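What follows is a short report on a single structure.
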Amino acid sequence: MRIISKQWIAGLSVALFTGNMTMAQSNQTLHLNHHIMENTHPTHYRNIKVNNLNLFYREAGPANAPAILLLHGYPTSSHMFRNLIPILSKKYHVIAPDLPGFGYSDAPDHHEFSYTFDNLSETIQKFVDKLEMKRFAIYIFDYGAPVGLRLAMNNPEKITGIISQNGNAYEEGLSNEWNPIRKYWEETTEANRLALQGFVSKEITLFQYHHGVSDPSLIAPEAYTLDQKFLDRPGNIEIQLDLVKDYRSNVALYPKFHEYFRKYQPKLLLVWGNKDPYFLPQGAEAYKKDIPDARLKFYDTGHFALETNAEEIGAEILQFMDTVSMQ
Numbered sequence: 005m006r007i008i009s010k011q012w013i014a015g016l017s018v019a020l021f022t023g024n025m026t027m028a029q030s031n032q033t034l035h036l037n038h039h040i041m042e043n044t045h046p047t048h049y050r051n052i053k054v055n056n057l058n059l060f061y062r063e064a065g066p067a068n069a070p071a072i073l074l075l076h077g078y079p080t081s082s083h084m085f086r087n088l089i090p091i092l093s094k095k096y097h098v099i100a101p102d103l104p105g106f107g108y109s110d111a112p113d114h115h116e117f118s119y120t121f122d123n124l125s126e127t128i129q130k131f132v133d134k135l136e137m138k139r140f141a142i143y144i145f146d147y148g149a150p151v152g153l154r155l156a157m158n159n160p161e162k163i164t165g166i167i168s169q170n171g172n173a174y175e176e177g178l179s180n181e182w183n184p185i186r187k188y189w190e191e192t193t194e195a196n197r198l199a200l201q202g203f204v205s206k207e208i209t210l211f212q213y214h215h216g217v218s219d220p221s222l223i224a225p226e227a228y229t230l231d232q233k234f235l236d237r238p239g240n241i242e243i244q245l246d247l248v249k250d251y252r253s254n255v256a257l258y259p260k261f262h263e264y265f266r267k268y269q270p271k272l273l274l275v276w277g278n279k280d281p282y283f284l285p286q287g288a289e290a291y292k293k294d295i296p297d298a299r300l301k302f303y304d305t306g307h308f309a310l311e312t313n314a315e316e317i318g319a320e321i322l323q324f325m326d327t328v329s330m331q
């Protein structure tokens, strides 16, 4: 109970600070924490140096168990996995880093570090090498998808399976919300860059969490307030706009990702919030063109499906990983 009490006190403190947590949220959070903490391993919060960068990561589960690498997206960090890690760590060794520029990892000035998806993937490659992760499954979400798929494409022998939660790899998955960003890709002018500054605003962060969610009171306020705290760091807007600009490199790589899928037929689980404003359900369905045996499960929620459906998604992943572990 001591672990539960610490988490509960931490969550309640943030809620009182924001003034947004209701009694219903409190009861729901306490129930979830009690459920997922049964027979689980503690989560460790660690730091490691990779190319002179301090990378923060969460680690849980038996070190000798099959490994799962969790890769977060925008605008969040490994904090998004706080409810999933205890579920998975019952049987698996779980590693969840914060990408450079996000969460508790270093966020050097954009003149000192190249914020491209190639570079993020190379950094995570060195991270897994330093941790001596020989074989592992990857959970990819949002920005974590192009990072993780580069990793998989370059190390097919290391990847035991892929879990894609709103992790897009197909043109048909990109919604019209990408149109202002596409305009910047087509004309990389300062005016088009400045037009995207609202991308890091608290209004857009809240939109990403609440859009498509039938009951927004289920969304823990500490999730989006913590994300916004990191987004508001001095210089971060330039980091994020550099990544927005470079996202076009991911779209250019889609055909290569598809070749990898067709050639290696990795085991694939798709768990997708079907009301995601950025990555459409068609993007999930498109995977099955190249990996027909992929398992697809939609959830009636938005972009951050783990905020509302962590238990169901966790159960799906455990079932999927049981088949992966039998390889």
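Residue numbering for the sequence shown follows the numbering used here, starting at 5 and increasing by one per position. Ideal Cβ placement from N, Cα and C applies to all residues, glycine included. Model, not experiment: these values are computed from the prediction.
(request) Rank Leu322, Ser329, Trp276 and Lys293 by C-alpha distance to the C-alpha of Pro90 and give the top, closest one. (result) Indexing the sequence shown from 1 puts residue 90 at position 86. Of Leu322, Ser329, Trp276 and Lys293, the residue nearest in Cα terms is Leu322.
(message) Could you check whether the region 55-62 touches the region 117-136, counting it as contact only if at least three pairs of C-beta atoms, one from each stretch, sit closer than 8 Å?
(response) yes
(message) Are the CB atoms of Phe85 and Leu74 within a distance shorter than 7 Å?
(response) Position 70 of the sequence shown, counted from the start, is the residue given in the question as residue 74. Position 81 of the sequence shown, counted from the start, is the residue given in the question as residue 85. Yes.
(request) Kindly indicate which three-state DSSP category Pro1 falls into: helix, strand or coil? (result) The structure shown does not extend to residue 1, since the chain spans only 5 to 331, so no value can be given for it.
(message) Can you tell me whether Ile144 is helix, strand or coil according to DSSP?
(response) Here residue 144 refers to the residue found at position 140 when the sequence shown is read from its first residue. Three-state result, Ile144: strand.
(request) Since I believe Phe302 is in contact with Lys172 (beta carbons under 8 Å), could you give me their beta-carbon distance rounded to a whole number of angstroms? (result) Looking up residue 172 in the sequence shown gives position 168. Looking up residue 302 in the sequence shown gives position 298. In the sequence as presented, Lys is not what sits at residue 172; that position holds Asn. That belief does not hold up - the Cβ atoms of Asn172 and Phe302 are roughly 15 Å apart, past 8 Å.
(request) Report the rounded CA-to-CA distance for Tyr78 versus Asn68, giving the unit in angstroms. (result) As a working mapping, residue 78 is identified with position 74 in the sequence shown. As a working mapping, residue 68 is identified with position 64 in the sequence shown. Whole-angstrom Cα-Cα distance: 31 Å.
(message) For Phe117, tell me which candidate among Asn240, Ser168 and Gly287 has the shortest Cα-Cα distance.
(response) Here residue 117 refers to the residue found at position 113 of the sequence shown. The option with the nearest alpha carbon to Phe117 is Asn240.
(request) State the start and end residues of the unbroken beta strand (DSSP E) segment that holds Phe60. (result) In the sequence shown, counting from the first residue as 1, residue 60 sits at position 56. Unbroken beta strand (DSSP E) run through Phe60: Leu57 to Ala64.
(message) Assuming contact is defined by CB atoms lying nearer than 7 Å, are Ala288 and Leu273 in contact in what I supplied?
(response) Within the sequence shown, residue 288 is the residue found at index 284, counting from 1. Within the sequence shown, residue 273 is the residue found at index 269, counting from 1. No, they are not a contact pair.
(request) Identify every residue that forms a DSSP beta bridge with Ala71. (result) The residue given as residue 71 occupies position 67 in the sequence shown. In DSSP, Ala71 forms a bridge with His97 and Phe140.
(request) Check Ser168 in the structure and name its three-state DSSP category. (result) As a working note, residue 168 is residue 164 in the sequence shown. Note: Ser168 maps to strand in three-state DSSP.
(message) I need the straight-line Cα distance from Asp113 to Thr120, nearest angstrom please.
(response) Residue 113 sits at position 109 when you count from the first residue of the sequence shown. Residue 120 sits at position 116 when you count from the first residue of the sequence shown. Between Asp113 and Thr120, the C-alpha separation is close to 13 Å.
(message) Less than 7 Å between the beta carbons of Leu153 and Phe261, yes or no?
(response) Working through the sequence shown from its first residue, we reach residue 153 at position 149. Working through the sequence shown from its first residue, we reach residue 261 at position 257. Result yes, Cβ atoms of Leu153 and Phe261 sit closer than 7 Å.
(request) Identify the continuous alpha helix (DSSP H) that holds His214 and give its terminal residues. (result) The residue given as residue 214 occupies position 210 in the sequence shown. Here the alpha helix (DSSP H) through His214 covers Lys206 to His214.
(message) For a test of the three-state rule: what should DSSP assign to Gly277, helix, strand or coil?
(response) For the purposes of this step, residue 277 is identified with residue 273 of the sequence shown, where counting begins at 1. Gly277: strand per DSSP, three-state reduction.
(request) With a cut-off of 8 Å on the beta carbons, I'd call Ile4 and Leu135 a contact; round off their distance for me. (result) The chain is shown from 5 up to 331; residue 4 falls before or after that span and cannot be answered.
(message) For a quick check, are the C-beta atoms of Ala199 and Gly165 less than 7 Å apart?
(response) Here residue 199 corresponds to residue number 195 of the sequence shown, with the count starting at 1. Here residue 165 corresponds to residue number 161 of the sequence shown, with the count starting at 1. Cβ distance not < 7 Å, so Ala199 and Gly165 don't count as in contact.
(request) With distances taken Cα to Cα, identify the nearest neighbour of Pro270 among Pro285, Thr327, Asp110 and Pro101. (result) Sequence index remark: in the sequence shown, residue 270 carries index 266 (1-based). Out of Pro285, Thr327, Asp110 and Pro101, Thr327 has the C-alpha closest to the C-alpha of Pro270.
(request) Please go through the same chain and pick out, in chain order, the residues whose beta-carbon is closer than 6 Å to the beta-carbon of Pro150, but skip the five residues on each side of it. (result) Indexing the sequence shown from 1 puts residue 150 at position 146. Around Pro150: Phe121 and Asn254.
(message) Checking the sheet assignment: what are the DSSP bridge partners for Leu300?
(response) The count along the sequence shown starts at 1 and reaches residue 300 at position 296. Paired residue(s): Leu274.
(message) On a Cα-Cα basis, can you pick out the residue from Pro259, Tyr108 and Pro238 that is closest to Met157?
(response) Translated into positions along the sequence shown, residue 157 becomes position 153. That would be Pro259, whose Cα lies nearest to the Cα of Met157.
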